[in-house]
Amino acid sequence: MIRSLAAIGLTALLALPGLSVASAQDAATEIGGTPATGGAAAGTPTAPGEPAAQAEPAWRTGTALIGEPKYADGFTHFGYVNPQAPKGGLARFSADGTFDTLNFVVPKGTLAAGASNLLYDSLMTSSYDEASSMYGLVAESMRYPDDFAWVTFRLRPEAKFHDGAPITPEDVVWSFEVLTKNNPQQQYYYRHVTKAEVTGPNEVTFTFDETGNRELPHIVGQLTVLPKHWWEGTDAQGNKRDVTRSTLEWPLGSGPYRIKRVVPGRTIAYERVPDYWAKDLPVNVGQNNFDELRWEYFRDDTAELEAFKGDQFDWRVETSAKNWATAYDFPAVHDGRVKLENFPDEGSGVMVGFIPNQRRAMFADPRVRRALDLALDFSEMNRVLFFGQYFRVDSYFYGTELASKGVPEGAERAILEEIAAGLTPEDRARSMPEAIFTTAYASPNSETPQAVRDNLREALRLLQEAGWKLQGRQLVDAEGKPFRFELLLNGPTFERVALLYKQSLAKIGIEMSVRTVDTSQYIERIRNRDFDMIYGGWGQSLSPGNEQWAYFGADAADHAASQNYGGIKNPAIEKAIQRVVFAKDRDDLIAATKALDRILLWNHYIVPGWTLPFTRVAVWDRFGHAEPLPMLTPGFPTTWWWDEAKAAKVGAPQ
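The opening residue of the sequence shown carries number 235 in the working numbering; numbering runs sequentially from there.
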């Protein structure tokens, strides 16, 4: 299940070196969702059909994918908030590049920061200290049968948009229809929904094309509800609005904030809605405390960092090891006005690295992709560029109990053997290397000069085995065509890393060029798969599920704007994802996820990068927060508040 950026996604992605604010948001929203949370489900899929007759399901105000939700009926607030948090103050943020639309429905243009999660409410909402629970927001309750063939939501009669109009079941159905019709990622995410319909006073029902998929009711619960009457109306000039077009008209919302000010491409500010209809719901108590949230846009990271030092914004996630080691030696840090914090990443895993586009013939062979991995001298990068701060990623679920380790045993091995047995001999040979069963996966060791030479020698052997040969200092194919490709970046921050990798590849005759483009062009080229290689990745939750199809499924490889960036099409992975989605319980989910992880790793779809077990943040010390912080995110700004005493010592923000 995909969780919004306001929860774990943005923090997790921004912790990845090489991803700027813009690229993290783009990877998470514009290119196909966010770093996800999800869940396993019991049962097996069945043919589409009407829901089976059974006892009337109970209404639920909260639900968990496995087990029971942490917060029972009647809870007053989440445990990680201060229910008496003061309201007021200003929190300021930065963003890279620019923006040119406030309409998140269509993947056109560059969406302004906050324009989806701050303005609108969803049917249900998640807590920050559970992996896979949801609680009522626009919907006061939900119900679904034991086979999960459908779900019905009962809307709160008090739910309303900012103009006072009620949120109706018709708004919910219309929102679902326009999102799935006009947004490829939403269409793919909700592909199992066959019907959305009003089924009673203040009730809406979604019917699914399979049973046994425990996560589908949760997925639909994430649906953002839009105001049908506003989008079908006219603007101030009398022009009919069009939900399929980009726009800078301030949209009508229903959420805790509304737009206060827009300077196109440069600034967007939101103000807290004092009479927000849901402010006293248990899921919102102690949250949304700032009177104003503001984003300033900067052309590049250098200007952004200098602006932070000049107190032009408050919260900076530092993605550069060099900056963290050298750039925060200024008076406000020394006298305590700026705090440098490391927030642990306990609730999510990650895979990040150089992703070759397998739609390009040169990257189709796994031996070639392994050779690209062998050529990366991570130890040198870590020493020269990263001040020894990083750890090499060795799992698609790095940092969690879901990561595969050692040689597969027990339930994990049984699942791998079951998957292999269900493949044709040709598919097994192509998609499940024997090393999956016999060898622990490990990233290449480059800690010594001899190890680096051995890696390059092995890389050349694999390339030659795949049909390439050295001609002088250039690697060429059988027709003499050079091995040449382009690494696409969306900002200059990562260029020094790319150039070091370029030097290593040149040692085995591969020519890599580096092209840096602006954010809008970067997004468009990735949407259209118009790239040879990018640096990107996937955030993972503690409870993976249906989002794995969008990350690694064969259908997603050909689906516009999915997160299957590299074009993975592997029958073993299809079966492994199926086992994850339909896992019986937590132990089965862990074993199935480890099996999926192992198949992904041994097919070398990515040159794994590096990360940290925490997020580096510099913050002007004007804020307070409850202790302890939630598991999944530091929660800024949602659960923090303006601290008058601290702000008086630091000084008024600009």
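For every residue, glycine included, the Cβ atom is placed at its ideal position computed from N, Cα and C.
Keep in mind that this is a model prediction, so the values were computed, not measured.
Residues of its chain near residue i, where Cβ-Cβ distance is below 6 Å and the 5 sequence neighbours each way are ignored
| i | result |
| --- | --- |
| threonine 441 | Trp384, Thr428 and Lys429 |
| asparagine 837 | Pro600 |
| lysine 880 | Asp855 and Arg856 |
| valine 618 | none |
| leucine 722 | Arg749, Phe765 and Ile768 |
| alanine 512 | Asn518 |
| arginine 820 | Ile300 |
| histidine 859 | Trp874 |
| tyrosine 675 | Leu835 |
| glycine 587 | Ile840, Val841, Pro842 and Gly843 |
| glutamate 290 | none |
| lysine 883 | none |
| leucine 606 | Val841 |
Which listed residue (the options) has its alpha carbon closest to that of residue i
| i | options | result |
| --- | --- | --- |
| tyrosine 839 | Pro379, Leu515, Trp511 and Pro600 | Pro600 |
| aspartate 711 | Tyr305, Met596, Ala537 and Asp525 | Met596 |
| valine 497 | Leu835, Asp334 and Asp535 | Asp334 |
| tyrosine 504 | Thr560, Trp529, Leu482 and Phe564 | Trp529 |
| phenylalanine 848 | Met767, Ser356, Ser582 and Arg763 | Ser582 |
| leucine 739 | Phe625, Phe612 and Phe857 | Phe612 |
| leucine 776 | Ala365, Ala879, Leu657 and Leu823 | Ala365 |
| asparagine 523 | Arg533, Phe532, Arg506 and Glu580 | Arg506 |
| methionine 585 | Val627, Gln623 and Trp464 | Val627 |
| isoleucine 742 | Ala537, Ala609 and Glu808 | Ala609 |
| leucine 697 | Phe631, Arg604 and Ser754 | Arg604 |
| tryptophan 875 | Gly544, Gln684, Ser747 and Gly520 | Gly520 |
| serine 480 | Ser409, Pro341 and Leu704 | Pro341 |
| isoleucine 401 | Ser488, Gly801, Leu657 and Ala784 | Ser488 |
| leucine 795 | Ala329, Ala346, Met368 and Asn417 | What sits at residue 795 in the sequence shown is alanine, not leucine. Closest by alpha carbon: Asn417. |
| arginine 294 | Leu336, Gly455 and His396 | Gly455 |
| glutamate 444 | Tyr562, Thr867, Arg749 and Pro379 | Pro379 |
| asparagine 436 | Pro317, Ser356, Ala393 and Arg571 | Ala393 |
| valine 572 | Arg593, Gln546 and Pro683 | Gln546 |
| proline 490 | Gly656, Gln708, Asp819 and Gly348 | Gly348 |
| methionine 865 | Lys321, Tyr305, Tyr562 and Asp579 | Asp579 |
| glycine 701 | Gly714, Gly446 and Leu690 | Gly714 |
| leucine 460 | Asp525, Asp381, Leu539 and Ser356 | Ser356 |
| glycine 398 | Gln592, Phe338 and Tyr510 | Tyr510 |
| threonine 332 | Arg492, Lys321 and Ala346 | Ala346 |
| proline 403 | Ser360, Thr458 and His426 | Thr458 |
Residues bridged to residue i (per DSSP)
| i | result |
| --- | --- |
| aspartate 514 | Paired residue(s): none; aspartate 514 is not in a bridge. |
| alanine 296 | This sequence places glycine at residue 296; alanine is not what is there. Answer by DSSP bridge pairing, in chain order: Tyr369. |
| glutamate 437 | Arg388 and Gly434 |
| valine 893 | Because the chain in this structure spans residues 235 to 888, residue 893 falls outside the shown range and cannot be described. |
| alanine 852 | Arg550 and Leu574 |
| alanine 503 | Arg495 and Arg528 |
| leucine 709 | Leu704 |
| arginine 718 | Glu745 |
| tryptophan 876 | Phe857 |
| valine 841 | Phe588 |
Test: residue i CB closer than 8 Å to a CB of chain D
| i | result |
| --- | --- |
| alanine 693 | Note that chain D does not occur in the displayed structure, where there is just one protein chain. |
Close beta carbons around residue i, own chain, < 8 Å, minus the five adjacent residues each side
| i | result |
| --- | --- |
| proline 862 | Tyr314 |
| isoleucine 670 | Pro642, Leu650, Arg832, Ile833 and Trp836 |
| lysine 543 | Phe564 and Ala566 |
| proline 317 | Thr310, His311, Val519 and Gly520 |
| leucine 482 | Asp334, Thr335, Leu336, Val496 and Pro498 |
Contacting residues, own chain, Cβ-Cβ under 7 Å from residue i (five flanking each side not counted)
| i | result |
| --- | --- |
| isoleucine 824 | Glu635 and Leu636 |
| glycine 273 | Legend: pLDDT at glycine 273 = 36, less than 50; position of this residue unreliable, value from coordinates given subsequently. Closer than 7 Å at the Cβ level, and outside the excluded window around glycine 273, lie Met235, Leu299, Ile300, Ser366, Arg448, Glu449, His452, Ser777 and Gly779. |
| alanine 559 | Phe621 |
| glutamate 808 | Gly787 and Ala788 |
| glycine 633 | Asp579, Gly583, Val584 and Pro847 |
| alanine 561 | Leu539 |
**Study point:** Residue ranges of each beta strand (DSSP E) within the region 728-800, 3 or longer
**Key:** Segments of the beta strand (DSSP E) lying fully in the region 728-800: 745-750 and 767-775.
Check your understanding: Where are the beta strand (DSSP E) runs, 3 residues long or more, that stay fully inside the region 548-636, in chain order?
Key -> As far as the region 548-636 is concerned, its whole beta strand (DSSP E) runs of at least 3 residues are 549-551, 572-578 and 582-590.
**Study point:** Cβ contact check for the region 323-342 and the region 869-877: 3 or more pairs under 8 Å
**Key:** The region 323-342 vs the region 869-877: in contact.
Exercise for review: Assess, as a yes-or-no matter, whether the region 828-839 is touched by the region 633-641 under the definition of 3 or more beta carbon pairs within less than 8 Å.
Suggested key: Touching, yes.
Check your understanding: Hey, is the region 409-425 in contact with the region 383-399, meaning 3+ C-beta pairs nearer than 8 Å?
Key -> These segments do not touch.
Check your understanding: Between the region 753-766 and the region 726-734, do at least 3 Cβ pairs fall closer than 8 Å?
Key -> No contact exists between the region 753-766 and the region 726-734.
Exercise for review: Flag this pair as touching only if the region 404-411 and the region 462-473 have three or more C-beta atom pairs under 8 Å; answer yes or no.
Suggested key: When C-beta atoms of the region 404-411 are compared with those of the region 462-473, three or more pairs fall below 8 Å, so the two segments count as touching.
**Study point:** Within the region 644-675, ranges of the alpha helix (DSSP H) (whole runs, at least 4 residues)
**Key:** Within the region 644-675, the complete alpha helix (DSSP H) runs of at least 4 residues are 644-655, 659-665 and 669-672.
**Study point:** Uninterrupted beta strand (DSSP E) stretches inside the region 323-381 (no shorter than 3 residues)
**Key:** Runs found: 324-330, 358-360, 367-370 and 373-377.
Point to revise | Runs of alpha helix (DSSP H) wholly within the region 448-477 (minimum 4 residues, chain order) | key: Along the region 448-477, the alpha helix (DSSP H) occurs as fully enclosed runs of 4 or more residues at 450-455 and 462-465, listed in sequence order.
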